[in-house]
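Worksheet for the structure shown next.
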Amino acid sequence: MNRILIVDDEVQMQNLLAFCLKSMDAEITKVSSGEQALTVIEKESFDVILLDILMTGMNGFEVLEQLEQGGKPVPVIILSALGETEQVVKGLNAGAYDYVTKPFEPQELLARVQSVIRRTKGPEKNSSRKTRGGIILDEDELTVLYREHPVPLTKKEFRLFARLFLNPGRVYTREQLLYLEWEDGEERDYRNVDAHIKNVREKLKSAGVENKVVETIWGIGYRIPADLEG
């Protein structure tokens, strides 16, 4: 059974979220503050956390910071009334897997929660070869194949593509990709990210991939669609 933690200082919202997730038959824990959330997370494990940003006391961004510093790799979905692009980017840069703006559609929230759980608990998790949409990525061999045909990516292109491919549905900002995949001493420019992504797309297309596997999330960054077949 999946375990979900709801962190929101409004009891009415806690109950609404629990109701939206009722069909999952999950074990749901509800807390009303960031401090309570960190205490519970220290003692128990969860498959996903639904985290409000605007809470009294410790806010959601501070909770994310503590989780990152404490090395607790728990998938977090931010729920917030702050829907501006800069707030979404801030949340994703802080380590959130997804960002849902209030008010939200219950079906959409359910789908996003299920998507996060699927991609973090998938059966391929311990395999070096991951397959989606006919694309095979081998982490050990550092290779990408499409229907057994090699896709000749450079080392940097492979690392960028692997970061997205291994986390389908998760949006990565350009800032995140620069921080994660560029080493000290390398020029860190958003245009470099865009140029490498363009190269990846062109090489995938040349190998026969018809769909745009790497999606652009305008004003934010890139992602691989969670529903990519394969």
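Per UniProt numbering, the very first residue in the sequence shown carries number 1; after that it's consecutive.
Think of the CB as a built atom: it goes at the ideal place given N, C-alpha and C, for glycine as much as any other residue.
Would you call the CB atoms of residue i and residue j closer than 7 Å?
i: Leu109; j: Gln66; result: no
i: Phe158; j: Leu177; result: no
i: Leu228; j: Gly133; result: yes
i: Thr85; j: Gly219; result: yes
i: Phe46; j: Val74; result: yes
i: Thr56; j: Asp8; result: no
How big is the Cα-Cα spacing for residue i and residue j?
i: Val193; j: Leu92; result: 17 Å
i: His149; j: Lys205; result: 12 Å
i: Ile77; j: Ile197; result: 25 Å
i: Leu79; j: Asp98; result: 9 Å
i: Pro152; j: Val144; result: 7 Å
i: Pro168; j: Leu160; result: 13 Å
i: Glu187; j: Ala162; result: 21 Å
i: Glu44; j: Asp184; result: 36 Å
i: Leu51; j: Val200; result: 34 Å
i: Arg223; j: Ala207; result: 20 Å
i: Thr101; j: Cys20; result: 15 Å
i: residue 235; j: Leu180; result: Given that the chain is displayed from residue 1 to residue 230, the structure contains no residue 235 and the question cannot be resolved.
i: Gly60; j: Leu54; result: 7 Å
i: Lys155; j: Pro106; result: 41 Å
i: Met13; j: Glu42; result: 24 Å
i: Trp182; j: Met24; result: 39 Å
i: Gln87; j: Asp140; result: 36 Å
i: Ala111; j: Lys22; result: 13 Å
Note down, in chain order, each residue of its chain lying with its Cβ closer than 8 Å to the Cβ of residue i, except the 5 sequence neighbours on either side.
i: Val40; result: Leu5, Thr29 and Val31
i: Phe104; result: Leu79
i: Glu27; result: Met1, Asn2, Arg3 and Ile4
i: Arg119; result: Asn167, Pro168, Gly169, Arg170 and Ala226
Just confirm the distance between the C-beta atoms of residue i and residue j, as a whole number of angstroms; I'd bet it's less than 8 Å.
i: Val63; j: Val113; result: About 18 Å separates the two Cβ atoms, so there is no contact after all.
i: Ile117; j: Asn15; result: Wrong, their Cβ atoms sit about 21 Å apart, outside the cutoff.
i: Thr216; j: Val89; result: Actually they do not touch by this definition, with Cβ atoms about 14 Å apart.
Cutting at 6 Å between CB atoms, please list the residues of its own chain near residue i, excluding the five before and the five after it.
i: Glu124; result: Low confidence applies to Glu124: its pLDDT is 49, below 50, so where it sits in the model is not reliable enough to give any reading.
i: Ile135; result: Tyr146
i: Met58; result: Gly34 and Glu35
i: Gly95; result: Leu64 and Glu68
i: Ser115; result: Gly169 and Ala226
i: Ala81; result: Lys102
i: Gly70; result: none
i: Lys121; result: none
Grab me the residues of residue i's own chain with a C-beta within less than 7 Å of its C-beta, minus the 5 sequence neighbours each way, in chain order.
i: Asp138; result: Ser128 and Arg129
i: Leu164; result: Tyr172, Val214, Tyr222, Arg223 and Ile224
i: Gly83; result: Thr101
i: Glu175; result: Asn93
i: Asn126; result: Because Asn126 sits at a pLDDT of 48, beneath the cut-off of 50, its placement in the model cannot be relied upon, and the point is left open.
### Task
Would you check if the stretch 179–192 and the stretch 212–226 touch, i.e. whether three or more CB-CB distances between them fall below 8 Å?
With a cut-off of 8 Å, the stretch 179–192 and the stretch 212–226 do not count as touching, because too few Cβ pairs lie within range.
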